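J.: In the numbering used here, the protein residues as written are 302 to 680. Idealized CB from N, CA, C, for every residue including glycine. Please read these numbers as outputs of a predicted model, since none were measured by experiment.
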């Protein structure tokens, strides 16, 4: 898939770059690697399928805006014509407009929608609440729908006896080993007797992250797990579950570590208290950084073709085989990373929950009648 799209993009971009009315215009409208990279990695109001940023083939998404002064507005993002036109006194910012209007880049970003007056100038008196269905939101909802549909259909088959009295078939046979793996290698070793209580949560975050990771590998789709807002929400959910699982013994070891001299406690207690918040923060940053890095590397490798192509056609064609080969290699690694990051997030969440329940006398002593192995709790 990576090879086919790479070659396809090669011909599309080459034909686009060959158009122009002079060397000066071609140089001015040359390939902008920064624009392409951030256009694919960041959120957007459309699904960019193919083509340049100014003349793409894309799927527009609904724009939903609310302000006290103007009320509720809803329309398709295609009304902005990729940021070239205003609509209903609203403007979609682009990198060019931010530079042209001398806007503060720390306050305004590309794809932001701002209110303008009749003269087309930004009206700061109108405060906008943007609740649009961006591509990250739409793809996340789509992944949630597919995830729910697959799990409910599999559960229905189990209720009918398929996979219980007979061998599992289809999606059952594919997902059952994964579910057993999460149960036996993640939940039971870390949570012991209480693993059945937390297993639905662990399976949910594992499959939800995995499905979004796989969707992000499809060319033209959104990299949802490479969005910091998405990972922050997952991290906060895990943080809440960890805090609910704590007990008095856990907090006593944080604020009054036994067997530690008083002078050492003055240093150790603040560090241990900060670690309570560092754990979910590590989950957030690890998933975000790993998923966004792979996409950037892939886009950078493809961009090398057009960067060298701007120098000369021969350099562009000479670079293409190497760029496409490395792109396929990184793409295969990204498939592995998609599964690995879902597993790591789930495993660390289970470890942190197990640490929060440390000191529970029933935790770590697994009754054989429950069918759970006698495995010590991971510290």
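(1) Go to residue 416, then tell me how far its beta strand (DSSP E) extends in each direction, as first and last residue.
(2) Thinking C-alpha only, which one of 427, 468 and 342 is nearest residue 367?
(3) Give the list of continuous alpha helix (DSSP H) stretches no shorter than 4 residues that lie fully inside the region 422-497.
(4) Would you call residue 364 buried or exposed, if buried means 16 or more other Cβ atoms sit within 10 Å of its Cβ?
(5) Would you identify the three-state DSSP class for residue 365, choosing helix, strand or coil?
(6) If you measure between the beta carbons of residue 377 and residue 357, is that distance less than 8 Å?
(7) Touch check for the region 616-624 and the region 444-462: three-plus C-beta pairs under 8 Å?
(8) Since I believe residue 628 is in contact with residue 603 (beta carbons under 8 Å), could you give me their beta-carbon distance rounded to a whole number of angstroms?
(9) Can you tell me whether residue 626 is helix, strand or coil according to DSSP?
(10) Does the Cβ of residue 395 have 16 or more other Cβ atoms within 10 Å, making it buried, or fewer, making it exposed?
(11) At a cut of 8 Å, does the region 512-524 reach the region 440-455 through at least three beta carbon pairs?
(12) For residue 349, which of helix, strand or coil comes out of DSSP?
(13) Decide if residue 499 is buried, meaning its Cβ has at least 16 other Cβ atoms within 10 Å, or exposed.
(14) Three-state secondary structure (DSSP) at residue 357?
(15) Buried or exposed: residue 527, going by 16 or more other Cβ atoms within 10 Å of its Cβ?
(16) Out of 452, 488 and 490, which has the shortest C-alpha to C-alpha gap to residue 475?
(17) In chain order, what residues of the same chain have a beta carbon less than 7 Å from the beta carbon of residue 571, not counting five sequence neighbours either side?
(18) With DSSP run on the structure shown, which of helix, strand or coil describes residue 391?
(19) If residue 375 and residue 514 are in contact, beta carbons under 8 Å, what's the gap, nearest whole angstrom?
(20) Using 10 angstroms around the beta-carbon of residue 470, count the other beta-carbons present and answer buried if the total reaches 16, otherwise exposed.
(21) Measuring alpha carbon to alpha carbon, tell me which of 601, 548 and 583 ends up nearest residue 648.
(22) Opposite residue 374 in the DSSP bridges: which residues?
(23) Output needed for residue 350: all residues of its chain with C-beta closer than 8 Å, excluding positions within five of it in sequence on either side, in chain order.
(24) With 16 as the cutoff for other CB atoms within 10 Å, does residue 472 come out buried or exposed?
(25) Output the boundary residues of the alpha helix (DSSP H) element that contains residue 576.
(26) Rounding to the nearest angstrom, what Cα-Cα distance links residue 342 and residue 496 in this structure?
(27) Determine the DSSP secondary structure at residue 411, reduced to helix, strand or coil.
(28) Exposed or buried, residue 657, counting other C-beta atoms within 10 Å across all chains shown (16 or more means buried)?
(29) Quick one: is residue 436 buried, meaning 16 or more other Cβ sit within 10 Å of its Cβ, or exposed?
(30) Out of 420, 576, 588 and 508, which one is the CA nearest neighbour of residue 482?
(31) Below 8 Å on the Cβ atoms is my guess for residue 639 versus residue 503; work out the distance and round it to an integer in Å.
(32) With distances taken between CB atoms, is the gap from residue 512 to residue 555 smaller than 8 Å?
(33) Note the first and the last residue of the continuous alpha helix (DSSP H) segment covering residue 401.
T.: Quick answer:
(1) 414-416
(2) 427
(3) 436-460, 472-483 and 489-492
(4) buried
(5) strand
(6) no
(7) no
(8) 6 Å
(9) helix
(10) buried
(11) yes
(12) strand
(13) buried
(14) strand
(15) buried
(16) 452
(17) none
(18) strand
(19) That pair is no contact at about 31 Å.
(20) exposed
(21) 583
(22) 366
(23) 357, 358, 359, 360 and 521
(24) exposed
(25) 563-612
(26) 37 Å
(27) coil
(28) buried
(29) buried
(30) 508
(31) About 18 Å; that fails the 8 Å criterion.
(32) no
(33) 396-401
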